[in-house]
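Undergrad: Have a look at the structure that comes next, please.
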Amino acid sequence: MKTKSKYDKILFVIAVIKLGLSLIELRITLKQRKEKRDQDLIA
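Residue numbers for the sequence shown, in our numbering: 287 to 329.
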């Protein structure tokens with residue numbers, strides 16, 4: 287039983303890391319999109 291809880295904890299950590307990475311990617315793409323829109327307005 288102890289090993290299972292440890293395994294669940296590892297899976298949970300991996301899930302949290304993946305979620306964090308996807309959120310960072312989303313913010314980067316949104317930022318790039320905004321910068322591109324600003325450049326289009328300037329041009």
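For glycine and all other residues, C-beta sits at the position ideal for the given N, C-alpha and C.
Excluding the 5 residues preceding and the 5 following S308 in the sequence, name in chain order all residues of the same chain whose CB lies nearer than 7 Å to its CB.
TA: Within the same chain, S308 has no close Cβ partners at all.
Undergrad: When you compare only the Cα positions, how much space is there between L305 and L316?
TA: So the two alpha carbons sit approximately 16 Å from each other.
Undergrad: Using the Cα positions of I314 and I328, report the straight-line distance between them to the nearest angstrom.
TA: Distance between the alpha carbons of I314 and I328 is about 21 Å.
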